[in-house]
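Q: One structure follows; several queries about it will come next.
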Amino acid sequence: MAETNETRYRVGGMDCAACATKIDTAVRRVAGVADVSVSVVSGTMTVRHDGSSDLKAIEKRVTGLGYSVSLFAGSAAQAQDHGPHDHHDHGDHAGHDHDHDHVGHDHGKKKIEGLHGHAHAPMTGSWWQSRKGRLTIVSGAALIAAYAIGHLVPAVASYAFVIAMLVGLMPIARRAVMAALSGTPFSIEMLMTIAALGAVIINAGEEAATVVFLFLVGELLEGVAAGKARESIQSLTALVPKNALLEDNGQTREVPSESLAVGATIMVRPGDRISADGIIVSGESAIDEAPVTGESTPVRKGVDAVVFAGTVNGDSVLRVRVTAAAADNTIARVVKLVEEAQESKAPTERFIDRFSRYYTPGVVVVAALVATVSPLLFGGSWGEWIYKGLAILLIGCPCALVISTPAAIAASLSAGARRGLLMKGGAVLETLGKVTMVAFDKTGTLTEGKPQVTDIISFGLSEAQVLSRAAVLEQGSSHPLALAILNRAKANGVPVPPAFELEALPGKGVTGKVGGETLDLLSPSAARERGALDGDQDARIIALNDEGKSVSVLLVNGAAAGLIAMRDEPREDAEAGLSALKSAGVKAMMLTGDNKRTAAAVAGMLGIDWRGEMMPEDKQKVVGELKRQGFIVAKVGDGINDAPALAAADIGIAMGGGTDVALETADAAVLHGRVSDVARMIELSKRTMRNILENITIALGLKAVFLVTTIMGITGLWPAILADTGATVLVTINALRLLRVKM
Numbered sequence: 001m002a003e004t005n006e007t008r009y010r011v012g013g014m015d016c017a018a019c020a021t022k023i024d025t026a027v028r029r030v031a032g033v034a035d036v037s038v039s040v041v042s043g044t045m046t047v048r049h050d051g052s053s054d055l056k057a058i059e060k061r062v063t064g065l066g067y068s069v070s071l072f073a074g075s076a077a078q079a080q081d082h083g084p085h086d087h088h089d090h091g092d093h094a095g096h097d098h099d100h101d102h103v104g105h106d107h108g109k110k111k112i113e114g115l116h117g118h119a120h121a122p123m124t125g126s127w128w129q130s131r132k133g134r135l136t137i138v139s140g141a142a143l144i145a146a147y148a149i150g151h152l153v154p155a156v157a158s159y160a161f162v163i164a165m166l167v168g169l170m171p172i173a174r175r176a177v178m179a180a181l182s183g184t185p186f187s188i189e190m191l192m193t194i195a196a197l198g199a200v201i202i203n204a205g206e207e208a209a210t211v212v213f214l215f216l217v218g219e220l221l222e223g224v225a226a227g228k229a230r231e232s233i234q235s236l237t238a239l240v241p242k243n244a245l246l247e248d249n250g251q252t253r254e255v256p257s258e259s260l261a262v263g264a265t266i267m268v269r270p271g272d273r274i275s276a277d278g279i280i281v282s283g284e285s286a287i288d289e290a291p292v293t294g295e296s297t298p299v300r301k302g303v304d305a306v307v308f309a310g311t312v313n314g315d316s317v318l319r320v321r322v323t324a325a326a327a328d329n330t331i332a333r334v335v336k337l338v339e340e341a342q343e344s345k346a347p348t349e350r351f352i353d354r355f356s357r358y359y360t361p362g363v364v365v366v367a368a369l370v371a372t373v374s375p376l377l378f379g380g381s382w383g384e385w386i387y388k389g390l391a392i393l394l395i396g397c398p399c400a401l402v403i404s405t406p407a408a409i410a411a412s413l414s415a416g417a418r419r420g421l422l423m424k425g426g427a428v429l430e431t432l433g434k435v436t437m438v439a440f441d442k443t444g445t446l447t448e449g450k451p452q453v454t455d456i457i458s459f460g461l462s463e464a465q466v467l468s469r470a471a472v473l474e475q476g477s478s479h480p481l482a483l484a485i486l487n488r489a490k491a492n493g494v495p496v497p498p499a500f501e502l503e504a505l506p507g508k509g510v511t512g513k514v515g516g517e518t519l520d521l522l523s524p525s526a527a528r529e530r531g532a533l534d535g536d537q538d539a540r541i542i543a544l545n546d547e548g549k550s551v552s553v554l555l556v557n558g559a560a561a562g563l564i565a566m567r568d569e570p571r572e573d574a575e576a577g578l579s580a581l582k583s584a585g586v587k588a589m590m591l592t593g594d595n596k597r598t599a600a601a602v603a604g605m606l607g608i609d610w611r612g613e614m615m616p617e618d619k620q621k622v623v624g625e626l627k628r629q630g631f632i633v634a635k636v637g638d639g640i641n642d643a644p645a646l647a648a649a650d651i652g653i654a655m656g657g658g659t660d661v662a663l664e665t666a667d668a669a670v671l672h673g674r675v676s677d678v679a680r681m682i683e684l685s686k687r688t689m690r691n692i693l694e695n696i697t698i699a700l701g702l703k704a705v706f707l708v709t710t711i712m713g714i715t716g717l718w719p720a721i722l723a724d725t726g727a728t729v730l731v732t733i734n735a736l737r738l739l740r741v742k743m
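When we follow UniProt numbering, the leftmost residue of the sequence shown carries the number 1, and every step to the right adds one.
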């Protein structure tokens, strides 16, 4: 297999999808380049090439179009004889310095260039400090000066306006020429340049200068909006504190969070942000997860509980064992996934790209016909009809149309990620809204994944005495059912004295002696073998089994003293989450490997269809059957035993703390393990598609109105460019509303 190199660049000054398309078209023309993916929101470009490409030539193409470009620091490409690296600054609107290790998958002999760690710098200053901002200010000042001069010396007014126009137009015209040479002849800049020069020729210099200024204002606003979406996802990375308190040989010292190794132990004081993903080794505290999950109430967590980087420790000191390096913590993975997602296009976005490829040349043809047909065939005035043709050229700018989809998708992916809803790309976001059936795994997805004591039934003793004696026998055991009994004893404050002569009875239970009593905790079948159960007690056990509960029988000196029933209970929000799906018109079903009795009991509590005793391949078959019946299927699971079904579904959603397997297998992930988040994800998708439809309607509607009024002679060049800039601004503001979605 041919060697493929991958080089990643940071690109500054990209504001909309049209920018990305121009860069993509230009770079693809460089010899040896196999593939290019450009993300406006993360400000990145990944180039896959065969190693023969001249990286300098790639950079020249990008800078020629008016963007800044720099290799990701620490890049292998720099280590080659690539020479010192320019950080060009052409048209840089708040160029971003947020980098993430973009580790590609190792297909064949693929070398990854441009790997590097985190160097998050903020956006470079305010809008007026960016090159676009400065150009807009200078152009505006030149326009005001031209008006003043024209007023004072009317004879030179027309020249003053031509000079004011050229101040703003020169950089635009340069970009237009570079784009044409790189394979995009019908760029927005080219339409602008033709219209402005045409206006000067027909002696409308004042309008030409104003139009150029308004165009620059529109571009600047687009840049600010793109920066907002970019900032929104980047603000997540700011949640991780810069420093951590590392425990080292009984001492604590402050170290950079980036340097924490997996397995290190850190101390987190009350009120501090936790600086790494990890597991609590000692201490118990209320953790405020709102910054990461949006969850308003703090969650109480103790030993062995998982904590995320960026969350805030509440009321007591915690010691935490680090489980992920800085580059792999939950937040870094979220940001990386969102950035990768934005490099993969949604079907609507691809359609809009293709549409604008034909739409823009179409506008040029229509404008040319409007300008020439009437004067040539019907004796119309050349000046008047050329003016109308130029106005149509400006109306035709596809800015608003091209930005309508990516702006909404970027805002949605960011809004979702901030709430622990990860979607890998626009295509996933679009499909989610069409889902008609959600198939859930049971254990760890609809249920907590660990059994809890549900019933304590005593024969002669009190409930506390039954629980205390059972807990005595289970001390030191790590079996899930034993842990359920010990947790309940701890929660109820029941004393657990030490036991003597503890002995496991394989396949039956455990036995021991406490304070002169011989205690046994046995399975019902082992208790029956000993003849310890009467008919009534046996009937109680069968009834509990029918509810999907596992039962342990406590014997004291050989006689039945009580029963303890346990079951893996549904998550707190499972019922609410399922009813949210139902009210959205989405059906739900539970697929589980558990026995049919347990499955029926849990499904009955949640009011959901179910299939039990299923192997992973059975789940995959059911997903296939549902798809054949015409359902658009989302499969929700923990991503390991569910991998085949997750892959088979239209959308695979991984549930829980975001295990690597889950995040890689699935199309989407619910990081915080809430069932209701699945309904939220579907709702976010529907909202996004509505937003995109509104955006396209705004963009095309305004164009249609002004097209008619221009041909009728009601509106001219200024309203035309205002309509285009206005549409772009409206579309962008509408898309950014998704960032503030309350979920």
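Ideal Cβ placement from N, Cα and C applies to all residues, glycine included. Predicted, not measured: the structure shown is a model, and the values here were computed from it.
What did DSSP end up calling Pro451 once you bin it into helix, strand or coil?
A: As a working note, residue 451 is residue 451 in the sequence shown. In this structure, Pro451 counts as coil in the three-state DSSP scheme.
Q: Strictly by DSSP, which residues pair up with Trp610?
A: Stepping through the sequence shown from its first residue, residue 610 is reached at position 610. Beta-bridge pairing links Trp610 to Met590.
Q: Just the C-alpha distance for Thr710 and Asn734, rounded to the nearest angstrom, thanks.
A: Translated into the one-based positions of the sequence shown, residue 710 becomes position 710. Translated into the one-based positions of the sequence shown, residue 734 becomes position 734. Taking the straight line from one Cα to the other gives about 26 angstroms.
Q: At the level of alpha carbons, what is the spacing between Leu555 and His479?
A: Start at 1 with the first residue of the sequence shown, and residue 555 comes out as number 555. Start at 1 with the first residue of the sequence shown, and residue 479 comes out as number 479. Leu555 and His479: Cα-Cα distance of roughly 20 angstroms.
Q: Could you please give me the residues that DSSP links to Gln251 through a beta bridge?
A: Translated into the one-based positions of the sequence shown, residue 251 becomes position 251. The partner list for Gln251 (beta bridge, DSSP) reads Asp248.
Q: Name the two residues that bound the continuous beta strand (DSSP E) containing Gly509.
A: Numbered from 1 along the sequence shown, position 509 holds the residue referred to as residue 509. Note, Gly509: beta strand (DSSP E), 509–514.
Q: Can you tell me whether Thr184 sits near the ligand FAD, meaning its C-beta is under 7 angstroms from at least one heavy atom of the ligand?
A: This structure does not include the ligand FAD; it has no bound ligands of any sort.
Q: List in chain order: all unbroken alpha helix (DSSP H) runs of 4+ residues lying wholly within the segment 353–440.
A: Entirely contained in the segment 353–440, the alpha helix (DSSP H) runs reaching 4 residues are, in chain order, 382–395, 399–418, 426–432.
Q: Run through DSSP, which three-state label would Asp677 get?
A: Position 677 of the sequence shown holds residue 677. It is helical.
Q: What are the start and end residues of the alpha helix (DSSP H) that includes Ala504?
A: Within the sequence shown, residue 504 is the residue found at index 504, counting from 1. Ala504 -> not in any alpha helix (DSSP H); beta strand (DSSP E) instead, spanning 500–505.
Q: Please name the residue, chosen from Ala539, Ser550, Asp546, that lies closest to Leu521 on a Cα-to-Cα basis.
A: Position 521 of the sequence shown, counted from the first residue, corresponds to residue 521. Ranking Ala539, Ser550, Asp546 by Cα distance to Leu521 puts Ser550 first.
Q: Across which residues does DSSP place His49 in a beta bridge pair?
A: Position 49 of the sequence shown holds residue 49. DSSP lists Asn5, Val33 as partners of His49.
Q: What distance in whole Å lies between the Cβ atoms of Val47 and Val62, which are believed to be in contact at a cut-off of 8 angstroms?
A: As a first step, residue 62 is located in the sequence shown; it is residue number 62 there, counting from the start. As a first step, residue 47 is located in the sequence shown; it is residue number 47 there, counting from the start. Val62 to Val47, Cβ: 10 angstroms. No contact.
Q: Evaluate Leu736 with the Cβ neighbour count: other Cβ atoms within 10 Å of its Cβ, from every protein chain shown; 16 or more gives buried, anything less gives exposed.
A: Within the sequence shown, the letter at position 736 stands for residue 736. So Leu736 counts as buried.
Q: Classify Gln620: buried if its beta carbon has 16 or more other beta carbons within 10 angstroms, exposed otherwise.
A: Indexing the sequence shown from 1 puts residue 620 at position 620. Gln620 comes out buried.
Q: Tell me the DSSP bridge mates of Lys635?
A: For the purposes of this step, residue 635 is taken as residue 635 along the sequence shown, with counting starting at 1. Note: Lys635 sits in a beta bridge opposite Ala439, Gly652.
Q: Count the other C-beta atoms from every protein chain shown that fall within 10 angstroms of the C-beta of Leu152, then say buried if there are 16 or more, exposed otherwise.
A: Here the question's residue 152 lines up with position 152 in the sequence shown. Leu152 comes out exposed.
Q: Can you tell me where the alpha helix (DSSP H) holding residue 763 begins and where it ends?
A: As shown, the chain starts at 1 and ends at 743. That puts residue 763 outside it, with no answer to give.
Q: Using only CA atoms, which one of Met614, Pro347, Thr598, Glu572 lies nearest to Asp677?
A: In the sequence shown, residue 677 corresponds to position 677, counting from 1. Of the candidates Met614, Pro347, Thr598, Glu572, the one whose C-alpha sits nearest the C-alpha of Asp677 is Glu572.
Q: Drop a sphere of 10 angstroms on the beta-carbon of Val373, count the other beta-carbons inside from all chains shown, and report buried for 16 or more, exposed for fewer.
A: On the sequence shown, position 373 is the one that residue 373 refers to. Label assigned to Val373: exposed.
Q: Quick one, which of Asn249, Val494, Gly531, Thr511 has its alpha-carbon nearest Phe500's?
A: Indexing the sequence shown from 1 puts residue 500 at position 500. Of Asn249, Val494, Gly531, Thr511, the residue nearest in Cα terms is Thr511.
Q: Starting from Ser552, trace the beta strand (DSSP E) both ways and give me its first and last residue.
A: Walking along the sequence shown from the start, residue 552 turns up at place 552. 550–556 is the extent of the beta strand (DSSP E) around Ser552.
Q: If you follow the alpha helix (DSSP H) that Ser285 is in, where does it begin and where does it stop?
A: The count along the sequence shown starts at 1 and reaches residue 285 at position 285. Counting along the chain, Ser285 falls outside any alpha helix (DSSP H), though it belongs to the beta strand (DSSP E) covering 285–288.
Q: Can you tell which of Thr518, Glu463, Asp534 has its C-alpha closest to the C-alpha of Asn557?
A: Within the sequence shown, numbered from 1, the residue matching residue 557 stands at position 557. Nearest option by C-alpha distance: Thr518.
Q: Distance, Cα to Cα, Ser523 vs Asn545?
A: Here residue 523 refers to the residue found at position 523 of the sequence shown. Here residue 545 refers to the residue found at position 545 of the sequence shown. Rounded to whole angstroms, Ser523 to Asn545 spans 12 angstroms at the Cα level.
Q: Which residue wins for smallest C-alpha separation from Gly64, given the options Gly51, Ser42, Cys19?
A: Residue 64 sits at position 64 when you count from the first residue of the sequence shown. When only C-alpha atoms are compared, the closest one is Cys19.
Q: Less than 8 angstroms between the CB atoms is what I'm expecting for Met589 and Ala699, so what's the real figure, rounded?
A: In the sequence shown, residue 589 corresponds to position 589, counting from 1. In the sequence shown, residue 699 corresponds to position 699, counting from 1. Not confirmed; about 40 angstroms, so no contact.
Q: When DSSP labels each residue in this structure, what does Ala179 get in the three-state scheme?
A: The residue given as residue 179 occupies position 179 in the sequence shown. Three-state DSSP puts Ala179 in a helix.
Q: Which one or two residues does DSSP pair with Val299 in a beta bridge?
A: Here residue 299 refers to the residue found at position 299 when the sequence shown is read from its first residue. DSSP, once it has assigned bridges, lists Ile287 as partnering Val299.
Q: Is the beta carbon of Leu446 less than 8 angstroms from the beta carbon of Pro570?
A: The sequence position of residue 446 within the sequence shown is 446, counting from 1. The sequence position of residue 570 within the sequence shown is 570, counting from 1. Against a cut-off of 8 angstroms, the Cβ pair of Pro570 and Leu446 comes out as a contact.
Q: Going by beta-carbon coordinates alone, are Leu422 and Thr688 separated by less than 8 angstroms?
A: Position 422 of the sequence shown holds residue 422. Position 688 of the sequence shown holds residue 688. No. Outside cutoff.
Q: Near Ala560, which residues of its chain fall below 8 angstroms by C-beta distance, leaving aside the five closest residues on each side in sequence?
A: On the sequence shown, position 560 is the one that residue 560 refers to. Cβ within range, chain order: Phe459, Ala527, Ala532, Leu533, Asp534, Gln537, Val553, Leu554.
Q: Evaluate the contact criterion for the segment 217–224 versus the segment 241–249: three or more CB pairs, one atom per stretch, below 8 angstroms.
A: No: the two stretches stay apart, fewer than three of their Cβ pairs being nearer than 8 angstroms.
Q: Going by other Cβ atoms of all chains shown within 10 Å of its Cβ, with 16 needed for buried, is Glu207 buried or exposed?
A: The residue given as residue 207 occupies position 207 in the sequence shown. By the 10 Å Cβ count, Glu207 comes out buried.
Q: Is it right to say Ile188 is buried, meaning 16 or more other beta carbons lie within 10 angstroms of its own, or is it exposed?
A: Taking the first residue of the sequence shown as 1, we reach residue 188 at position 188. The residue is buried, with at least 16 neighbouring Cβ atoms inside 10 Å.
Q: Can you grab the Cα-Cα spacing for the pair Leu376 / Gly140, in whole Å?
A: The sequence position of residue 376 within the sequence shown is 376, counting from 1. The sequence position of residue 140 within the sequence shown is 140, counting from 1. If I take the Cα positions, the gap works out to 38 angstroms.
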